[in-house]
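Note sheet for the following structure.
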Amino acid sequence: MTVKLAKVDEVYEMVSSGYGNLEFALEMFYEGREKIIGARDIFRFDMNDYLTGVDEFSVLVENLEDLGVEFPDEVLDIQNMIENTSDKWNELHGEFENLGVSPMRDRI
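Using the working numbering, the first residue of the sequence shown is number 5, and each one after it goes up by one.
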């Protein structure tokens, strides 16, 4: 005659749930890692036009100042976009640092 203890079933359920939870956590981790890699690649490679635009904007501002003309509204709009984008840039860079990830390196 086999005796089945209720505690065995309870412990089995606890232990087996750990395996399933870890599988789910690993899946989430791998998905998150891929998203972090994607964000890092955008930061590293897709922001080149923006950086060039910031440099060109500096030259444009210098030229307008040399001419002594008032900045058109469009120039002020660009300046605001650069300031807002700079805030986002710093925020993203800080988030990478918080994770211990260098946005300028190949590996995370």
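C-beta atoms are modelled at their ideal positions from N, C-alpha and C, and glycine is treated no differently.
Quick caveat, the model's predicted, so the values are computed rather than measured.
* So, do the stretch 58-77 and the stretch 14-31 have three or more beta carbon pairs nearer to each other than 8 Å? -> no
* **Continuous alpha helix (DSSP H) stretch holding Thr-3: start and end** => The structure shown does not extend to residue 3, since the chain is modelled only from 5 to 112, so the question has no answer here.
* **N- and C-terminal bounds of the alpha helix (DSSP H) containing Gly-57** => 52-71
* Asked: Is there contact here, the stretch 47-64 with the stretch 97-108, by at least three beta-carbon pairs under 8 Å?
  -> yes
* Terminal residues of the alpha helix (DSSP H) in which Met-32 lies -> 10-45
* Asked: Taking one C-beta from the stretch 74-81 and one from the stretch 27-41 each time, how about it: are there three or more such pairs within less than 8 Å?
  -> no
* Sequence-distant residues of its chain with Cβ nearer than 7 Å to Thr-89 (five each side left out) -> Closer than 7 Å at Cβ, skipping near neighbours: Tyr-54.
* Asked: How long is the line joining the alpha carbons of Thr-56 and Ser-21, rounded to whole angstroms?
  -> 52 Å
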